[in-house]
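Residue numbers (this note's numbering): 288 to 503. Where a beta carbon is used, it is the ideal one built from N, C-alpha and C, also for glycine. Structure, as structure tokens:
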Amino acid sequence: MEKFKAVLFDFDGVIGKTLEDSCRAWARACTESGLTFDPEEFYVSEGMKSIEYARRLLARHDRDPQMAEALVSRKDQLYRESNQFSFYVGIEGLVHQLRGDGVKVAVVSGGSRARLLSGQAGELLKRVDVVVTGDELVQGKPAPEGYRKAAEALQVSPDECLVIENAPLGIQAAKSAGMACVGVCSTLSHSHLRSADRVVANHAELVQLLSEGTVD
Numbered sequence: 288m289e290k291f292k293a294v295l296f297d298f299d300g301v302i303g304k305t306l307e308d309s310c311r312a313w314a315r316a317c318t319e320s321g322l323t324f325d326p327e328e329f330y331v332s333e334g335m336k337s338i339e340y341a342r343r344l345l346a347r348h349d350r351d352p353q354m355a356e357a358l359v360s361r362k363d364q365l366y367r368e369s370n371q372f373s374f375y376v377g378i379e380g381l382v383h384q385l386r387g388d389g390v391k392v393a394v395v396s397g398g399s400r401a402r403l404l405s406g407q408a409g410e411l412l413k414r415v416d417v418v419v420t421g422d423e424l425v426q427g428k429p430a431p432e433g434y435r436k437a438a439e440a441l442q443v444s445p446d447e448c449l450v451i452e453n454a455p456l457g458i459q460a461a462k463s464a465g466m467a468c469v470g471v472c473s474t475l476s477h478s479h480l481r482s483a484d485r486v487v488a489n490h491a492e493l494v495q496l497l498s499e500g501t502v503d
């Protein structure tokens with residue numbers, strides 16, 4: 288890890304095992320609103336700001352885009368009522384190890400700050416150096432704004448940052464920000480993540496990769 292002064296993690300699908308519950312919440316909210324929902328498209332679109340994703344769904348059905356906030360609110364309510372949050376195995380220890388080794392750590396997510404900092408997740412995120420969330424950004428992923436904002440706050444240059452992502456939009460955001468990126472196959476196959484500099488099959492490989500300092 289000598290080359291990289293900071294590791295910037297996506298949250299959903301990288302730190303928190305949240306996407307399966309989020310997918311179910313979106314599906315139910317869409318069904319209630321008379322909208323069709325494609326789980327595969329959801330996973331591929333992961334990282335986009337929730338409000339933008341809702342607008343996309345509504346536009347496809349020629350529905351009023353002003354319904355987007357209500358759709359997101361209902362999705363969030365359903366998620367809170369039924370999620371079974373957990374961290375991916377090894378990720379908490381990895382975050383603590385990186386910080387103990389003097390590597391700065393940030394989280395850059397398209398989700399809301401309120402959701403990310405609540406409950407079990409919030410306790411970990413309070414101990415990282417920087418958290419950037421979708422509700423603080425003008426443009427969500429695939430725009431590079433979130434990753435650039437995190438690097439600025441960490442006071443590191445883009446070429447000193449390593450991004451960990453699990454979806455194409457996030458990888459695109461990282462590369463557009465001038466950062467190296469490792470893709471982890473938590474929700475999508477290798478073929479979806481091939482634009483990353485390196486792809487690992489699971490979190491066990493990710494933890495080993497970063498713990499051993501073999502990324503260069």
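Using a Cβ-Cβ cutoff of less than 6 Å, which residues in the same chain neighbour residue i once the five nearest sequence positions on both sides are dropped?
i, result
"residue 488", "472"
"residue 437", "295, 393, 395, 417 and 419"
"residue 450", "295, 461, 466 and 468"
"residue 463", "431"
"residue 240", "With the chain covering 288 to 503 only, the question about residue 240 has no answer from this structure."
"residue 494", "377 and 381"
"residue 306", "299, 300 and 474"
"residue 302", "296 and 378"
"residue 480", "470 and 486"
"residue 370", "308"
Taking its Cβ as the centre, do 16 or more other Cβ atoms sit within 10 Å of residue i, making it buried, or is it exposed?
i, result
"residue 459", "buried"
"residue 300", "buried"
"residue 348", "exposed"
"residue 439", "exposed"
"residue 372", "exposed"
"residue 362", "buried"
"residue 477", "exposed"
"residue 387", "exposed"
"residue 341", "buried"
"residue 491", "exposed"
"residue 415", "buried"
"residue 486", "buried"
"residue 410", "exposed"
"residue 355", "buried"
"residue 406", "exposed"
"residue 327", "exposed"
"residue 401", "exposed"
"residue 452", "buried"
So, for residue i: in the same chain, excluding its five sequence neighbours on each side, which residues have a beta-carbon less than 7 Å away from its beta-carbon?
i, result
"residue 346", "352"
"residue 315", "365"
"residue 404", "412"
"residue 379", "411"
"residue 408", "303 and 372"
Please check the pair residue i and residue j, which I expect to be a contact at CB under 8 Å, by giving their CB distance rounded to whole angstroms.
i, j, result
"residue 448", "residue 293", "5 Å"
"residue 398", "residue 428", "Contact flag wrong, Cβ pair sits at about 11 Å."
"residue 320", "residue 358", "6 Å"
"residue 376", "residue 455", "Contact doesn't hold; Cβ gap of about 24 Å is too wide."
"residue 329", "residue 313", "6 Å"
"residue 385", "residue 497", "7 Å"
Would residue i pass as an interface residue toward chain C - the criterion being a Cβ-Cβ separation below 8 Å?
i, result
"residue 307", "Of the chains in the structure shown, none is chain C; there is only one protein chain."
Output needed for residue i: all residues of its chain with C-beta closer than 8 Å, excluding positions within five of it in sequence on either side, in chain order.
i, result
"residue 291", "390, 447, 448, 449, 467 and 502"
"residue 324", "313, 314, 317, 318 and 344"
"residue 443", "292, 293 and 391"
"residue 383", "414"
Counting pairs of beta carbons, one from the region 331-345 and one from the region 414-432, are three or more of them closer than 8 Å? yes
In chain order, which continuous runs of the alpha helix (DSSP H) of length 4 or greater are located wholly inside the region 293-336? 306-319 and 326-332
Could you tell me which whole beta strand (DSSP E) segments of length 3 or greater appear in the region 429-455? 448-452
Beta strand (DSSP E) runs contained entirely in the region 372-439, provided each spans 3 or more residues: 391-395 and 417-419
Can you check the region 452-486 for any alpha helix (DSSP H) of at least 4 residues that lies completely inside it and give the ranges in chain order? 455-463
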